[in-house]
Amino acid sequence: MTSTKIRLDINLEDPYRRARELKKEGKKVFGVSPMHFPEELIHAGGGLPVVLQESTEPVTYGLAHLYPFFCGFTRSVVDMGVRNKLDVFDTIVLGDLCIQLRHMVKTLKRQMPATSFVYTQWPLEISERFHSTVRGRLQRCKKDIEQLLGREITDDNLAQSIRLYNQNRRLMRQVIDLARAKPGVLRARDLVGLVESGMVMPKEEHNRMLEGLIPQLKRKRASSKQGAKVYLAGHLCMAVKVEILDLIEELGGQVVWDDLYTGSRYVASDASETLPPMEALTQRYFNLGIPCPSRMEPKYGWSDYILDRVKQAGAQGVMVFMVKQCGPMLLYYPYLKDVFERESIPYTVIVTEHEVVSFEQVKTRIQAFLEMIQRGA
Ligand code: SF4
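Residue 281 in our numbering is what sits at position 134 of the sequence shown, and the numbering runs on without skipping anything.
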């Protein structure tokens, strides 16, 4: 398959480089834990929100500070914290959605005394009765952020930030739609790279990058080669290793949809531009566009979403990516498996780990799965 060569203005091996440059210019930098915190609140106060990323480096000193059975994301972030590699952040904001994230921040607090922390806990049930809880907690975070930035966050500032972030999400969705409609124009690894770069660089700059890229993608011709159509599901909080995405494509897979966090999930829904801004951010929490296994969504859950999208996108099978020891995924997966079996949807699960990934093993699994769905078995 041919693919467009895109030039990212960011080195994803060093995701906080741009943040460090801006910090030198006086910008206050906020590290934001995945996955649901409204970054607009920080942007509207003049700060730079940056979503915390898993490092490509092995966990070393961090081993002594967090249980080895915690997920790779939390262990990697703690490791960076104890090795003074998170000093770029003036503040770390935690939207608490699982016990491992909570412990990650407790440990960072002990290890990073010069850094401020903002904490909020999300209700895990998505129902109207928690509306005022979310609203109140966001209001409290807003006050904390105002104090840290030394300025009031006005409704006008917040409305402007919401418009900017919506624009970014719309542009990213356009890129995703083009990549799905025109197989071969953008590799899966580049799509993930684009989402990841948007998490760590100013949205103004990212929007300019996307505005330059979209016309190139529109001009590019799709490959005539048809692959085995797959839906990629899961992988909360951090990106799937790009080598695994390469394997899927090299072995003849064609990604027709995904709900990965460093993928469609991050940009799936907008905040209202007509409601008062704090209400708009509150309501967005209740409709993130893609239901999340970290929450209980009784009306329309993650499995409902996958079933609908598999049909719409014509996916022949689902690859579930599970971060090893991810609590929410471990809880949800048995139910998801039952749903796939009931609906006769071919699926496979690929467990990923921060440290060791045996690509040979993953390759065999992917190859077998793609062959199976192509045969229609
Ligand atoms: S949701 Fe999963 S991947 Fe994210 S921090 Fe919690 S355990 Fe780790």
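Backbone N, C-alpha and C define an ideal beta-carbon position, used for all residues, glycine too.
Query, Result
"If you draw a straight line from the C-alpha of residue 386 to the C-alpha of residue 298, how long is it?", "34 Å"
"Which complete beta strand (DSSP E) runs does the segment 231-291 hold, if anything under 3 residues is left out?", "238-243, 263-268"
"Taking C-alpha atoms, which residue in 430, 376, 170, 474 lies nearest to residue 404?", "376"
"Please classify residue 207: is it buried, with 16 or more other beta-carbons within 10 angstroms of its beta-carbon, or exposed?", "exposed"
"Determine which residues share a DSSP beta bridge with residue 474 and list them.", "In DSSP, residue 474 forms no bridge with anything."
"Between which residues of its own chain and residue 347 is the CB-CB distance below 6 Å, once the five residues before and five after are set aside?", "162, 197"
"With which residues is residue 379 paired in a DSSP beta bridge?", "405, 466"
"Could you tell me the alpha carbon to alpha carbon distance between residue 514 and residue 425, rounded to whole angstroms?", "47 Å"
"May I ask which residues mark the beginning and end of the alpha helix (DSSP H) holding residue 162?", "Looking at the DSSP string, residue 162 is not in any alpha helix (DSSP H), and its letter there is neither H nor E."
"DSSP three-state call for residue 333: helix, strand or coil?", "coil"
"Which complete alpha helix (DSSP H) runs does the segment 347-379 hold, if anything under 4 residues is left out?", "350-366"
"Would you say the beta carbon of residue 247 is closer than 7 Å to some non-hydrogen atom of ligand 1?", "yes"
"Identify, in the order they occur along the chain, each residue of the same chain with its Cβ nearer than 7 Å to the Cβ of residue 531, setting aside the five sequence neighbours on each side.", "What the structure shows of the chain is the stretch from 148 to 524, and residue 531 is not part of that stretch, so it cannot be assessed."
"Within 8 Å, do at least three Cβ pairs link the segment 187-194 to the segment 251-259?", "no"
"Is residue 496 helix, strand or coil by DSSP?", "strand"
"Take the Cβ of residue 481 as the centre, count every other Cβ of all protein chains shown within 10 Å, and call the residue buried at 16 or more, exposed below.", "exposed"
"Considering only C-alpha positions, which residue in the set 436, 415, 382, 417 is nearest to residue 466?", "382"
"Please state if the CB of residue 222 and the CB of residue 242 are separated by a distance shorter than 8 Å.", "no"
"Would the beta-carbon of residue 101 fall within 8 Å of that of residue 516?", "Residue 101 lies beyond the residue range present for the chain, which begins at 148 and ends at 524; the question has no answer from this structure."
"Taking 8 Å as the threshold (C-beta atoms), are residue 364 and residue 305 in contact?", "no"
"Helix, strand or coil for residue 443? Go by DSSP, reduced to three states.", "strand"
"Suppose you measure from the CA of residue 401 to the CA of residue 395; what does that come to, to the nearest Å?", "7 Å"
"Indicate, with yes or no, if ligand 1 has a heavy atom lying under 7 Å from the CB of residue 332.", "no"
"Go through its chain and collect everything with a Cβ distance to residue 247's Cβ below 7 Å, but skip five positions before and after it.", "217, 218, 221, 474"
"Rounded to a whole number of angstroms, what is the C-alpha to C-alpha distance between residue 470 and residue 406?", "14 Å"
"Taking 7 Å as the limit between beta carbons, can you name the residues of its chain near residue 151, skipping five residues before and five after?", "Only weak support exists for where residue 151 lies, its pLDDT of 48 falling under 50; the coordinates are left without a value."
"Can you name, in chain order, every residue of its own chain whose Cβ lies under 7 Å from the Cβ of residue 500, other than the five neighbours on each side?", "219, 471"
"Does the segment 259-276 come into contact with the segment 230-239, if we say contact requires no fewer than three beta-carbon pairs (one atom in each stretch) closer than 8 Å?", "yes"
"Ignore the nearest five residues each way along the sequence and tell me which others in residue 249's own chain have a CB closer than 6 Å to its CB.", "243"
"Can residue 476 be considered in contact with ligand 1, in the sense that its beta carbon sits closer than 7 Å to one or more heavy atoms?", "yes"
"DSSP three-state call for residue 196: helix, strand or coil?", "strand"
"Is it the case that the CB of residue 473 approaches a heavy atom of ligand 2 more closely than 7 Å?", "With respect to small molecules bound, the structure shown includes ligand 1 and not ligand 2."
"So residue 428 and residue 186 are supposed to be a Cβ contact under 8 Å. How far apart are they, rounded?", "At roughly 10 Å, the Cβ-Cβ gap does not stay under 8 Å, so residue 428 and residue 186 are not in contact."
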